[in-house]
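Report on the following structure.
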Amino acid sequence: MQSSNGDVWFNSRYKPCLYTYDGKSFKSFSSIVLKDWVFAMVEDDNKNLWFNNGKNDGVTFYDGKKFINYTAEIGVMPNVSNFFCTGMLKDKEGNIWFKSLSTELCKYDGKTFNFYSE
């Protein structure tokens, strides 16, 4: 994924880790806790980045300074232990939608995570 500032974001093939490339150098984010490889990324209207957080463990938020894992443990995404995020997108209103491996969807409107199921 390329963010609005031009950085290219990608993951590692051999271990769960994020990297960026700004056109001149690579930067590793190996200190963050990822449970699996990142394969879905999106940038919100405030230039924050969202990543899937691996198998059955919610999503990760990055505001340019810190990473926050939105999981059931911190009480933000209820029932997230069953939420294996496989895709995400930003809609024209700026909401971020997360798709799970099951049929469940989650919409984040900037304040609240709302879950929808079939």
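Under the working numbering, the final residue of the sequence shown carries the number 1067; numbering is consecutive throughout.
Note that beta-carbon positions come from the ideal geometry of N, C-alpha and C, so glycine has one too.
Which one of the options has the shortest CA to CA distance from residue i?
| i | options | result |
| --- | --- | --- |
| Asn1044 | Gly1036, Gly1059, Asn997, Ser974 | Gly1059 |
| Ser1049 | Lys1014, Val957, Phe978, Asn1002 | Asn1002 |
| Phe1033 | Phe988, Phe959, Lys976 | Phe988 |
| Gly1013 | Ser974, Tyr1019, Thr969 | Thr969 |
| Gly1007 | Asp993, Gly1036, Asn995, Asp994 | Gly1036 |
| Ser974 | Asp994, Phe1000, Val957, Glu1042 | Val957 |
| Asp993 | Ser1051, Lys1041, Ser1066 | Lys1041 |
| Ser979 | Phe1010, Gly972, Ser961 | Ser961 |
Which residues in the same chain as residue i place their Cβ atom closer than 6 Å to its Cβ, once the five residues preceding and following it in sequence are excluded?
| i | result |
| --- | --- |
| Gly1024 | Unreliable positioning characterises Gly1024 in this predicted model, as indicated by a pLDDT of 47, which lies under 50. A coordinate reading is not provided. |
| Tyr1057 | Ile1045 |
| Cys1055 | Phe1047, Phe1062, Phe1064 |
| Lys1015 | none |
To which residues does DSSP link residue i through a beta bridge?
| i | result |
| --- | --- |
| Cys1034 | Ser1049 |
| Ser977 | Tyr968 |
Could you give the DSSP three-state label for residue i: helix, strand or coil?
| i | result |
| --- | --- |
| Cys1055 | strand |
| Asn1063 | strand |
| Glu992 | strand |
| Trp986 | coil |
| Gly1024 | With a pLDDT of only 47 at Gly1024, under the threshold of 50, the placement of this residue in the model should not be trusted; the figure read from the coordinates follows. Coil at Gly1024, not helix or strand. |
| Lys1015 | coil |
| Asn997 | coil |
| Lys1041 | coil |
CB-CB under 8 Å to residue i, same chain, minus the five flanking residues each way: which ones, in chain order?
| i | result |
| --- | --- |
| Lys996 | Ser952, Ser953, Asn954, Gly1013 |
Give every residue of the same chain whose Cβ lies closer than 7 Å to the Cβ of residue i, excluding the five residues on either side of it in the sequence, and list them in chain order.
| i | result |
| --- | --- |
| Leu1038 | Val991, Trp1046 |
| Lys976 | Tyr968, Thr969 |
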